[in-house]
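Contents: one structure, followed by commentary.
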Amino acid sequence: MKYVIIGASIAAASAIEAIRKNDKTGSITLIGKENDPPYCRPLISYALWGKTTFEKMPYRSPLFYKENKVKLILGKAATAIDKKKKTVTLDDKRVFSYDKLLIATGSRPFVPPMDGLEKVDKKFTFMTIDSAKALEKEITPQSRVLVIGAGLIGLKCCEGILDKVASIDVVDMAPRILPSILDENGAKRVQDFLEDKGITFHLGDSTASFTKKTATLKSGGKISFDILVLAVGVRANTDLIDAIGGELNRGIVTNDQCQTTIPDIYAAGDCATSHDITCDTERVLALFPNANIMGEIAGSNMSGTEKHYDDAIAANAIGFFGLHIVTAGSYIGEKLDLSTPTGYKVLFTHDDHLVGMILIGDTIARSGIYTNLIRKRVSLSSLNFALIAQSPQLMAFKSTDRVSMLGERQ
Amino acid sequence: MYDSPLEGEVRIPAGCAITGIFSKTGRRFSGEQAIKSISLMRDRSNGLGGGFAAYGIYPEYKDYYAFHLFYTDKTAKKACEDYLETYFDIINLSKIPTRKMPEITNAPLIWRYFLSPLKTKLAESQLDEAEYVSRQVIKINSNLPGCCIFSSGKNMGVFKAVGFPEDVGRFYRLEDYKGYSWTVHGRYPTNTPGWWGGAHPFSLLDCSVVHNGEISSYDANRRFIEMFGYKCTLQTDTEVIAYMIDYLHRKQSLPYKKVARILAAPFWSTIDRMDKKERDELTYLRNNFSSMLVTGPFSIIVGFNGGLMALNDRLKLRSLIVGQKDDMVYMSSEEAAIRVIAPQLDSITYPKGGEPYIVTLNREAQQQCL
Amino acid sequence: MKRVYVEENWCLACHLCEYWCALSNSPLDNMVKLKNKDIRPRIQVEEGKDINFAVSCRHCTDPICVKSCISGALTINNGLIQIDQSKCVGCYTCIMACPYGALMPNEEGVMQKCELCTSNGTEPSCVQHCPNNAIKYEER
Amino acid sequence: MSINYLPSEYEVYRNQDRCINCRVCERQCANEVHHYDADLKKMISDESKCVDCQRCVTLCPTHALKIEKNTNRYKENANWSQESITNIYRQATTGGVLLGSMGNPKEYPIYWDKLLINASQVTNPSIDPLREPMETRTFLGKKDHHIHYDKNGEIITTNENPQLELSTPIMFSAMSYGSISYNAHKSLATASKELGIFYNTGEGGLHEDFYAYGPNTIVQVASGRFGVEPDYLEAGAAVEIKIGQGAKPGIGGHLPGTKITAEVSKTRMIPQGTDAISPAPHHDIYSIEDLRQLVYMLKETTNYKKPIIVKIAAVHNVGAIASGIARCGADIIAIDGFRGGTGAAPARIRDNVGIPIELALATVDKRLREEGIRDNVSLVVGGSIRSSADVIKAIALGADACYIATSALIALGCHLCRSCHQGKCNWGIATQRPELVKRLNPEIGKEHLVNLITAWTHEIKEMMGGMGINSIEALRGNRLMLRGIGLNEKELEILGVQHAGE
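Protein chains in written order, with our numbering: chain R, 655 to 1064; chain U, 8 to 377; chain E, 25 to 164; chain V, 18 to 519.
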């Protein structure tokens, strides 16, 4: 059996583990565009912030690839797939044939066309180790940094560099920060906190044009900067599948076994869609755990053990300067605000299920208990919701359920 | 007459030597062999007591009870004889012949009576003859001062005294008596007033016991057996063992073999492993007669009309050997004490703890001797 | 694999397990030295009206915390889920993921969890010191 | 605080250097002695509520606690002890009867401690229990006086009367479900089963969960008749008629309604929350003839398959009473000495009525032997048997077996604070409050009871071996194995033992 994986990503790593559980002998080839073996992209901001180092970052030790007999081809991009011949061609013209192919190409920064952007020489995206290293090299205590995009990437970047630079301005078209995970009030809390830390926000606004060191806003205001970080958004890397007619929907469409619409080709991670049970829709869940799980599902299905991904949800934990945010699911249905001065907390329930939550600050403790309610679609009438709503706790479950959860004597 | 207290007023732990000699064919022989055997074990005695029991020695009076009595003085004798007269028909009475010798001193008056219960008195007592006689014996021994009936069986007799057993034998001229069964006891009291009545064998009716050992269950056994009309006046192991044997054999009509299974009962662990029938029986006996279990070291030879039984405590904490030669069976504390009278034995056995060795007269012999 | 289980009928909510956990996972050699410290035990008692029980890591066979760990600090080694605190970046994704709420940050904001006292070389301290055998360490 | 103020009986000493405010004392004290004071930022105590049950001391992880008797003293008075004065204050304020629990705590002679055990030297050997079998199996019940033979001359081996077989001569005596907790009962039941001995329901009936342990259960019929019905009698291995109890001879029982929970009421067959009052006498027993009738009524209901035990308190005329009972068909007589425990009794009665079990036992055993009827019954004695040595001495005096209750409760955690009647037992024993009951895990309870009896049995074997006795029946009534120490002629005479040195 010949397995080929395109994209040295987390999904790739977990796929390799899953494949090797079933198939000890088949050949595994891992092709990666970057020069680094799989690592977790969200770590790059922590590296800049000093919570970890680029050395510690690789997701698996070199030994892992040796032990699992994986052929690593790094720094080379796959340029084409021949679905008939079942081959993959690299930019160096090398051709690899596969029996099972996994696309784990992730996503890339999306930079919209902006007037005069080409005049800016010190501009960076913030996604890969390389981009982070490049940025790190340029910033000085005098640098005035302008970040376009108040999303996860942009703000994590801010956290990473704030104490290394003179100032940070953040511009976003959206009226609030972290629009993808926070509601208005939540966003306000975080924004206030970040402003206290010294970050300046320009929201509901966007850059009309650039000169070398100045950005002019639609609102008319001007922001002078030394370094520009572009963190507007990301796009899934779907070209390879697109080229051979695979179905797309902002990402590569996959079923619950991570199969694409093309035989023997699987997709996992940020480049692929999965079925979000909280809103019953196919969507790209560009999140670390999701990539990890999809990789595993794909890997086992590729190597002959049928596995289904039937509890996909969006679930995210992120923090800025020690202020922690946990969010999950969809913000639909009935909204329950249980916030306190020290902690923000809203729960979303929809026909007897918890479908979404936003927790900020000290309300996040044991929040996995909530996440589990969402992921496992636990019927709220089967437990004491009033109690569990106050704080996540197992006490709220029926004794029998709890006993089996905590492991009853066989 | 005695400055130290009488036997029975204090309890006396003792060591001892015992021998038993028996002819299965009922051949009657003198006491010399018994004397010879016991004298070899002189260092097991200390001169403070010795005695013999002989069976088949009074063939001419075998239908009468032969009472052997010690009297401290004439008044005691007078009182006792008056008493006997009122309950028994005395057909013969005489001094028991003895030999004057320096080794034996302080002899009391020693008399022998052949008698049978007065029919009228027996009838009004509503008791069987044996019970009637045994009660009278116990009554006299416990109530009449200065009297001691130390032998009360039919066609048998006990001879005992303070002294070394071989001397006691000669003192009583045992060479003149002929019996088919002899037991002898040499005593080693560790502290004693050494009273004649306290010497062994101890007997009631025809059941006599010689014993070597010191039992730890004494008071449990005594307090139990005394519920049934016995009175342990001597406070000796031998006495209480004799009473228990009498009770179980005569009153509960248990054969000697089963009597032994009560006195030296098998361990529960052994009983639990037995087949149901035996297990049920032994469980029943151990439970119902639990207070008759004898613990602590003992080896006894029980004499009775027509047989002998040798028995060890269940741990066999005392030596006891049985040898056979032709129709003769020898039992003794020491093998040497058997070899000295029967050098060539057909067989020799060492009875296991708690397992009785019983020998009885063969059929023809029973006709002539009993 | 032997795991820690709680018998809720016998848990008295005395909270001694928490103190012994805190002590055993600290460099301290005597309970008295916990005086004036706010303890951060890896086992936590939930107290109800007439039901109490202590919760610590279940050491799931298919642990979602490990799958969610972005730094690779959480690993599963023959059933035992361990954390390499030097790798942890404190992103709290494991807190978001654990269905039992069995992970929590230590004083430095680095994650900690029950590792069955494997580092202390004895039976789990909470089990040893439960006064009512409400916490068991056994195969199930 | 008016003149009613009584100084607290105890003082709680908390070593603040050691206290880490873990609050385990606060959580574990049902009397609410301890609490954390947020202002002072430390634990403080309200000593007036302390009963000295030692629960907090035991659980404190830093051993910061110590309970001591309050040293505050009224003026020295050899006649008017502080206790007598305090009790008068109490009664003057309440007008009520003083209640107490567990056994008589007063300084009466303890004869067990004035009896010494014999050992073999030279003339007969001691026996090594590690190398030789050492037997403690005991049968209780009326013995057959005459062996019967079938027509083949075989012994008929079925006893005329039912027997109880014990692996060791110790049983757990009557403690009712209600006076003690479900978990305490479960501990006793499971331990008895494992040990091959018996426990006793007391007058509380038998909880349905425990019918499974029937073969190791003695079911009691007391004056209140609580829980008595055919199934109940059928379930037990033996039936005990309770006439009296050592802790409160001559009076009945009173279990407050607060302890009659749903389960207890179901088991006792009385309404929930109502006081359970057992009358002083059985209203169908006003004479020995009546007792005989009840005995035979119970034998009839149980087809003569269960031994009938009659339990009495040790009182002045106990010898004659026992003789009467032995002749009225009872298989076993249980005698309870005045140091026996109770869940609640008027303190004056507990402390002043009845006699020591040692004297009662000696008298009864002697009397029954004099009458030649000792074997008509087995004798079981209780009333503070505190150790294996007490058991040995009781058996040597003439008992067949011993009943223990206080010792068993202590094994379960009881610290003898003697506050059972308050129903707030911090050890989960003498209480029905669920949160307290669960403090006694029957797994641990059973283990401790089994350990205790096993340990005692080992010691009994050791002492028997020392006496050269290798089966317990050879010790029964074997008073030569005992000597008195520091006893007067009369006491020695009653106990039927010689003085040490004789």
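Every residue, glycine too, gets a C-beta built ideally from N, C-alpha and C.
> From what residue to what residue does the beta strand (DSSP E) around Gln-331 (chain U) run?
Replying inline: First-last of the beta strand (DSSP E) with Gln-331 (chain U): 328-332.
>> Going by DSSP, what residue range makes up the beta strand (DSSP E) through His-465 (chain V)?
In response: It is not in any beta strand (DSSP E) - His-465 (chain V) instead sits in the alpha helix (DSSP H) that spans 459-483.
>> Quick check: is the beta carbon of Leu-466 (chain V) nearer than 9 Å to any beta carbon in chain U?
In response: No, because no Cβ of chain U sits closer than 9 Å to the Cβ of Leu-466 (chain V).
> Hey, how far is the Cα of Lys-283 (chain U) from the Cα of Lys-507 (chain V)?
Replying inline: The alpha-carbon atoms of Lys-283 (chain U) and Lys-507 (chain V) are separated by roughly 50 Å.
> Can you give the beta carbon distance from Asp-53 (chain E) to Glu-452 (chain V), rounded, assuming they're within the 8 Å contact cut?
Replying inline: Their Cβ separation, rounded to whole angstroms, is 34 Å, which puts Asp-53 (chain E) and Glu-452 (chain V) out of contact at 8 Å.
> Which word fits Leu-728 (chain R), buried or exposed, when buried means at least 16 other C-beta atoms lie within 10 angstroms of its C-beta?
Replying inline: That one is exposed.
>> Check for me: the beta strand (DSSP E) holding Met-827 (chain R) runs from which residue to which?
In response: Per DSSP, Met-827 (chain R) belongs to no beta strand (DSSP E) and is neither H nor E.
> Closer than 9 Å, CB to CB, is Glu-149 (chain V) near chain U or not?
Replying inline: Glu-149 (chain V) counts as touching chain U.
> On the three-state DSSP scale, how would you describe Trp-189 (chain U)?
Replying inline: Strand, per DSSP.
> Can you find at least 3 beta carbon pairs, one from the segment 848-867 of chain R and one from the segment 814-833 of chain R, that sit closer than 8 Å?
Replying inline: Touching, yes, given that three or more Cβ pairs across the two stretches are closer than 8 Å.
> Using a beta-carbon distance cut-off of less than 9 Å, what residues from the segment 223-253 of chain U approach chain V?
Replying inline: Of all residues in the segment 223-253 of chain U, only Ser-223, Ser-224, Tyr-225, Asp-226, Ala-227, Asn-228, Arg-229, Arg-230, Phe-231, Glu-233, Met-234, Phe-235, Gly-236 place a beta-carbon less than 9 Å from a beta-carbon of chain V.
>> Mapping the DSSP letters down to three states, classify Asp-80 (chain U) as helix, strand or coil.
In response: Coil at Asp-80 (chain U), not helix or strand.
> Taking Ile-877 (chain R) as the reference, which of R:Gly-987, R:Thr-865, R:Lys-739 has the closest Cα?
Replying inline: Comparing Cα positions, the closest option is R:Thr-865.
>> Is there a C-beta anywhere in chain U that falls below 9 Å from the one on Met-119 (chain V)?
In response: Nearest CB-CB separation between Met-119 (chain V) and chain U: not below the 9 Å threshold.
> My guess is that Ile-477 (chain V) and Thr-111 (chain V) are in contact by the Cβ rule of under 8 Å, so how many angstroms apart are they, rounded?
Replying inline: Ile-477 (chain V) to Thr-111 (chain V), Cβ: 46 Å. No contact.
> So what's Ile-20 (chain V) in DSSP terms, helix, strand or just coil?
Replying inline: For Ile-20 (chain V), the three-state secondary structure derived from DSSP is coil.
> Quick one: does Lys-91 (chain E) have its CB under 9 Å from some CB of chain V?
Replying inline: Answer no: the Cβ-Cβ gap between Lys-91 (chain E) and chain V never drops below 9 Å.
> Using the beta-carbon count (16 or more within 10 Å), is Asn-150 (chain U) buried or exposed?
Replying inline: By the neighbour-count rule (16 or more Cβ atoms within 10 Å), Asn-150 (chain U) is not buried but exposed.
> The beta strand (DSSP E) with Lys-851 (chain R) in it runs from where to where?
Replying inline: No beta strand (DSSP E) holds Lys-851 (chain R); the alpha helix (DSSP H) holding it covers 838-851.
>> Please tell me whether Thr-1025 (chain R) has its Cβ less than 9 Å away from any Cβ of chain E.
In response: At least one chain E Cβ lies under 9 Å of Thr-1025 (chain R).
> CA-CA distance, Thr-175 (chain V) and Tyr-291 (chain U)?
Replying inline: Each residue's Cα considered, the two are about 7 Å apart.
>> Check this for me: beta carbons of Val-397 (chain V) and Met-188 (chain V), under 9 Å apart or not?
In response: Going by C-beta atoms, Val-397 (chain V) is nearer than 9 Å to Met-188 (chain V).
> Identify the residues that DSSP records as bridge partners of Gly-58 (chain U): which are they?
Replying inline: According to DSSP, which records beta bridges pairwise, Gly-58 (chain U) is partnered with U:Lys-167, U:His-192.
>> Can you give me the C-alpha to C-alpha distance between Thr-3 (chain E) and Val-28 (chain E), rounded to a whole angstrom?
In response: As displayed, chain E neither begins before 25 nor continues past 164, which places residue 3 (chain E) out of reach and without an answer.
> Taking the alpha helix (DSSP H) that Asn-369 (chain V) falls in, what are its first and last residues?
Replying inline: Counted as a single uninterrupted DSSP element, the alpha helix (DSSP H) harbouring Asn-369 (chain V) occupies residues 364-369.
> Of all the residues that make up the segment 338-370 of chain U, which are near chain V by a beta-carbon distance shorter than 7 Å?
Replying inline: Taking 7 Å as the Cβ-Cβ cut-off against chain V, none of the residues of the segment 338-370 of chain U qualify.
> For the segment 26-36 of chain U against the segment 331-343 of chain U, are there 3 or more C-beta pairs whose distance is under 8 Å?
Replying inline: The count of Cβ pairs closer than 8 Å, one atom from the segment 26-36 of chain U and one from the segment 331-343 of chain U, reaches three, so the stretches are in contact.
> Is DSSP giving Pro-451 (chain V) helix, strand or coil here?
Replying inline: If DSSP states are grouped into helix, strand and coil, Pro-451 (chain V) belongs with the helices.
> Whose C-beta lies closer than 8 Å to the C-beta of Asp-320 (chain U) among residues of the same chain, with five residues either side of it excluded?
Replying inline: Closer than 8 Å at the Cβ level, and outside the excluded window around Asp-320 (chain U), lie Gly-220, Ile-222, Ala-271, Val-301, Thr-302, Gly-303, Pro-304, Phe-305, Ser-306, Gly-360, Gly-361.
> Going by Cα to Cα distance, which pick from V:Val-335, V:Cys-39, V:Ala-297, V:Arg-435 is closest to Lys-59 (chain V)?
Replying inline: Looking only at V:Val-335, V:Cys-39, V:Ala-297, V:Arg-435, the smallest Cα-Cα distance to Lys-59 (chain V) is reached by V:Cys-39.
> How would you call Met-314 (chain V), buried or exposed, if buried means at least 16 neighbouring beta carbons within 10 angstroms?
Replying inline: When all chains shown are included, Met-314 (chain V) counts as exposed.
> Can you find a C-beta in chain E that's less than 9 Å from the C-beta of Lys-705 (chain R)?
Replying inline: Closer than 9 Å: yes.
>> My assumption, with CB atoms under 8 Å, is that Gly-1010 (chain R) sits in contact with Ser-984 (chain R). Please give the rounded CB distance.
In response: Contact annotation, Gly-1010 (chain R) with Ser-984 (chain R): C-beta distance approximately 5 Å; criterion of less than 8 Å satisfied.
> Ends of the alpha helix (DSSP H) at Thr-117 (chain E)?
Replying inline: Run containing Thr-117 (chain E): 117-121, per the alpha helix (DSSP H) assignment.
>> Is Asn-294 (chain U) close to chain V? Criterion is C-beta to C-beta, closer than 9 Å.
In response: Yes, Asn-294 (chain U) counts as interfacial toward chain V.
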